[in-house]
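Protein chains in written order, with our numbering: chain A, -11 to 164; chain B, -11 to 164; chain C, -11 to 164.
Worksheet: the structure to be examined is printed underneath.
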Amino acid sequence: MTKIQELRATVDLLVDRVRHLEDQVEIMQLVAQYGPAVDSGSGEAAAALWTDDGAFDAVPHLQMRGRDDIVAMVHGAGHQSLIHNGCGHVLTVPHVVVDGDQATGRSYALNIRWDADADRFWVARVSANTWRWVRTPLGWRVAERINANLDGTSEHREMLAPQAQATIVSDTQEER
Amino acid sequence: MTKIQELRATVDLLVDRVRHLEDQVEIMQLVAQYGPAVDSGSGEAAAALWTDDGAFDAVPHLQMRGRDDIVAMVHGAGHQSLIHNGCGHVLTVPHVVVDGDQATGRSYALNIRWDADADRFWVARVSANTWRWVRTPLGWRVAERINANLDGTSEHREMLAPQAQATIVSDTQEER
Amino acid sequence: MTKIQELRATVDLLVDRVRHLEDQVEIMQLVAQYGPAVDSGSGEAAAALWTDDGAFDAVPHLQMRGRDDIVAMVHGAGHQSLIHNGCGHVLTVPHVVVDGDQATGRSYALNIRWDADADRFWVARVSANTWRWVRTPLGWRVAERINANLDGTSEHREMLAPQAQATIVSDTQEER
């Protein structure tokens, strides 16, 4: 190889490594926007984190499909009551496994609520979260988020188990 | 273009992308140092996260201006009492929007306190946080942090609303 | 310097910067796997985050040495009872200081438990965490994690104090 060919090879490798880092950081930053969006009542901003037809399951009571459902949840009486009373939706940084233009992840979401009488907060929910993200022309978006309370239900606990990396590319294994 | 010019163009683009990643990761790491600094009583280390004349508003009772004010808060009776009784200042990873040598962000801060009699902690505060960071010769530093309890006060909740990216570069829009 | 030498110098610098970013992000992602592993009862996955002979001190009652000890903790009666009752081990993103093939860090771990009768969670522990990671042929792994409750004990609080960067390379200062 000539000197320039060697350099080209190094640069090509760097391009791949930088793209992988960008994927990781962009997905972290996507998730970091959820709490601030919903706790400020910004329904459209929350919905914009999902794909047009993205799914959001708040197990067991709420199955949102598409951005309009997410906007409706944020603007709905239940959520509005929460944030007017004082509430924080505190999400952790997910573990992210990127596979081409798709990615999966696991994390926690805390739902913590203000009690003015007691001058303190109480922890209403600590939930297991699983995520599917997809790379779109506008960047990574949420294709599916499942949120289920860690109340001892075995299915909720098992959502947090690490998946074999192959699972996200194999159709036959998709029914985990 | 010659082969070397092509390669130069790819490398120039990579330099920009790497700098953007460094900005994101460095700011995440800057914020990750706040809790450990104040919970270990390291006033100077906490203050060093700010610029010399940085601002820190703990709404509504405390307006700190400059590093000495931050050191004084950490070494003061109120904070010392907190950490000697047992306390964690747990901050989340912020959503960060970088614009040249400035950046803004939104995140949460939890103030959780030990209750020895009950053998458990209680959540004293869950706060909305907004940040302004600036790039200095020594790296990113906090220019302004505002911390306000999510107790249902509308102004505190609205701190978490996403800003149009333009807001941080336009003087006329700075009064949000 | 010729044009190609100049470019080579820029690329060499980029390689170092990208490696540093990879170290930071990989360690963040390593830590992000702990909670999901133990809360899903995946003992082997939790243990695999450590080196073969890695250490994990849950101060004061539990000193784990090597992966088998970590598997045994996760599969043991105490931990199984926790997760069957409903529990979240919520870890924050650590502050990470990388020094060649070693790194150290500080963070928090929350242990939050479900109370079915009260329909809410309670915060059992908020712990100071210190970490030592090492670069292995398979990536970064935990060499040592110390977890100690922030219950006002001065030694636990002091774990969170920033170390001088030199401390992690100097034998004479290793006894902090």
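A virtual CB, placed ideally from N, CA and C, is assigned to each residue, including glycine.
- Annotated as distal: D40(C) and G31(C), with beta-carbon spacing of 8 Å or more.
- With respect to the 8 Å criterion, G42(B) and V130(B) are classified as neighbours on the basis of their beta carbons.
- Here DSSP, grouped into helix, strand and coil, assigns G76(A) to strand.
- Bounds of the beta strand (DSSP E) holding H83(C) are H83 to D87.
- With the rule of 3 Cβ pairs closer than 8 Å, the segment 75 to 87 of chain A does not count as touching the segment 45 to 54 of chain A.
- Listed along chain B are V78, each with a C-beta nearer than 7 Å to that of T80(C).
- Distance from the CA atom of A60(C) to the CA atom of Q151(B), rounded to whole angstroms, is 48 Å.
- Nearest in C-alpha terms to H77(A), of all of Q21(A), M147(A) and E143(A), is Q21(A).
- With respect to the 8 Å criterion, V6(C) and V(-1)(A) are not classified as neighbours on the basis of their beta carbons.
- A149(C) reaches chain B at S28 and S30, counting residues in chain order whose Cβ is nearer than 7 Å.
- W110(A) reaches chain C at R108, counting residues in chain order whose Cβ is nearer than 7 Å.
- Contact annotation: S28(B) and A25(C) have beta-carbon atoms that are not nearer than 8 Å.
- If you check the CB distance, I58(C) and A35(C) come in under 8 Å.
- In the three-state reduction of the DSSP assignment, S69(A) falls in the helix class, which pools H, G and I.
- E10(C) counts as buried, since no fewer than 16 other beta carbons sit within 10 angstroms of its beta carbon.
- DSSP, read as helix, strand or coil, puts M147(A) in coil.
- Annotation note: the segment 13 to 46 of chain A contains the following uninterrupted alpha helix (DSSP H) runs of length 4 or greater, listed N- to C-terminal: 22 to 27 and 31 to 35.
- Each residue's CA atom was taken as its position, placing E14(A) and G127(A) some 8 Å apart.
- For L18(A), no Cβ of chain C is located within less than 8 Å of the residue's own Cβ.
- About 5 Å separates the beta carbon of V114(A) from that of L98(A), a gap short enough to meet the 8 Å contact definition.
- A Cβ of chain C is located within less than 8 Å of the beta carbon of L2(A).
- In summary, G93(B) is buried, with 16 or more beta-carbon neighbours lying within 10 Å of its beta-carbon over all protein chains present.
- For M52(C), the enclosing beta strand (DSSP E) covers residues L50 to R53.
- Short of 8 Å from the beta carbon of M16(A), and not among the five residues preceding or following it, lie these beta carbons of its own chain, in chain order: V81, P82 and V84.
- Within chain B, the residues V(-1) and V3 have their CB atoms less than 8 Å from the CB of T(-2)(C), given in chain order.
- Burial check for T118(A): the Cβ neighbour count within 10 Å reaches 16 or more, so the residue is buried.
- DSSP places L98(A) within a strand segment (E or B) once states are collapsed to three.
- Only those residues of the segment 111 to 144 of chain C whose C-beta falls short of 9 Å from the nearest C-beta of chain B are listed: V111, A112, R113, V114, S115, A116, N137, L138, D139, G140, T141, S142 and H144.
- The beta carbons of W102(B) and G64(B) sit no closer together than 8 Å.
- Residue nearest to M52(A) within the set H144(A), A136(A), M147(A) and E132(A) is E132(A) (criterion: CA-CA distance).
- For N99(A), not one C-beta of chain B is nearer than 8 Å to its own C-beta.
- Residue contact with chain B for A46(A): absent (no Cβ-Cβ distance below 8 Å to any residue of chain B).
- Using a Cβ distance threshold of 8 Å, R108(A) and W110(B) count as a contacting pair.
- Collapsing the DSSP output to three states places D11(A) in a helix.
- The C-beta of V6(A) comes closer than 8 Å to at least one C-beta of chain B.
- Proximity of Q21(C) to chain A, defined by a Cβ-Cβ separation below 8 Å, is satisfied.
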